[in-house]
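Let me begin by presenting the structure, written as structure tokens, before commenting on it.
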Ligand SMILES: [Zn+2]
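Numbering (the numbering used here), first residue to last: 1 to 172.
Laid out in structure tokens, this is it:
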């Protein structure tokens, strides 16, 4: 019988981490990274406890379920799942299809995320109209800077109508 060499999953993950230099979402060079498995963040302590012995072949299958994200995307990733907006796709759209600076992209994303949190808290699922995306959302826009939120919503509506989204080329 041939003996296949097994190592704990955490060891494979350690090597995996060292092999990742850029965020899987925004391609920023990774300084501190967040590991995500099947869309859920797995923290350092949990990773150190993943001691199931596996061999190279099993790791090849497991590997596809893991992603390394920068802290900003990692943070966004878990919050985005609870809100009504596709924040991750929106951010990718802004990076790939507009000339916005990373700082501006971040501002737009943060606004939409905040609005998404407000809506989620009140269990509101907005239906966005492409011409007037802020229609009906006025009660949830903050009194200060409401216009900035409207601008972010308009951009989001553009994203929803963009061919890149229609083709489903995003990660999700
Ligand atoms: Zn990132």
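Ideal Cβ placement from N, Cα and C applies to all residues, glycine included. Note that the structure is predicted; figures quoted are calculated from it, not measured.
Item to check | Under 8 Å between C-beta atoms of residue 70 and residue 28 | outcome: yes
Next on the checklist: Would you say the beta carbon of residue 17 is closer than 7 Å to some non-hydrogen atom of ligand 1?
Outcome noted: No - ligand 1 has no heavy atom lying nearer than 7 Å to the Cβ of residue 17.
Checklist entry - What is the residue span of the alpha helix (DSSP H) that residue 37 lies within? => result Run containing residue 37: none in the alpha helix (DSSP H); it sits in the beta strand (DSSP E), 33–37.
Next on the checklist: Does residue 93 come out as helix, strand or coil in the three-state DSSP assignment?
Outcome noted: helix
Checklist entry - Roughly how many whole angstroms lie between the Cα atoms of residue 127 and residue 94? => result Put simply, the backbone Cα of residue 127 is about 21 Å away from that of residue 94.
Item to check | residue 7 - partner residues in DSSP beta bridges | outcome: For residue 7, which the question treats as bridged, DSSP gives the partners 54.
Checklist entry - Under 7 Å from any heavy atom of ligand 1, does the C-beta of residue 161 make it? => result no
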